[in-house]
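Reminder that position 92 of the sequence shown reads as 91 in numbering that gives the first Met the number 0, one-by-one numbering, no gaps.
Glycine included, each C-beta is placed from N, C-alpha and C at the ideal position.
Everything numeric in this text was worked out from a predicted model, so none of it was measured.
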Amino acid sequence: MSALLASGLVAASSDSGPVWLLILGPAGAAGLYFGLWQYYRNTGKSHSFERETRVEAKPITGTDRKVNEIKGTTKSGIDGDNKSSHRQRVQRVP
């Protein structure tokens, strides 16, 4: 790869054509790809969640209430559902 780059630069200096511009395109694209890859991976800012974060496990609390049972595909909803009233469904933990 470097031999090809060196031969291209030598040819560009002895030739009148802009060979260096043809080499600069893929090199710039590779640099941009690598930069965006590093930015979105956050390799310098990431931490190991399993080693550095402590999570206290607690038992699950709450109750479930069976509303209805749907058999077949004629009725697509459940009577008494609360999917549109999210304030009632999701409450803040004190």
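(1) Taking Cβ to Cβ, would you say residue 66 is nearer than 8 Å to residue 77?
(2) Look at the alpha carbon of residue 102 and the alpha carbon of residue 17, and state the distance between them as a whole number of angstroms.
(3) In angstroms, rounded to a whole number, what distance separates the CA positions of residue 56 and residue 63?
Looking at the atomic coordinates:
(1) In this structure, residue 77 lies closer than 8 Å to residue 66 by Cβ.
(2) With the chain covering 0 to 93 only, the question about residue 102 has no answer from this structure.
(3) Looking at the two C-alpha atoms, the distance is approximately 21 Å.
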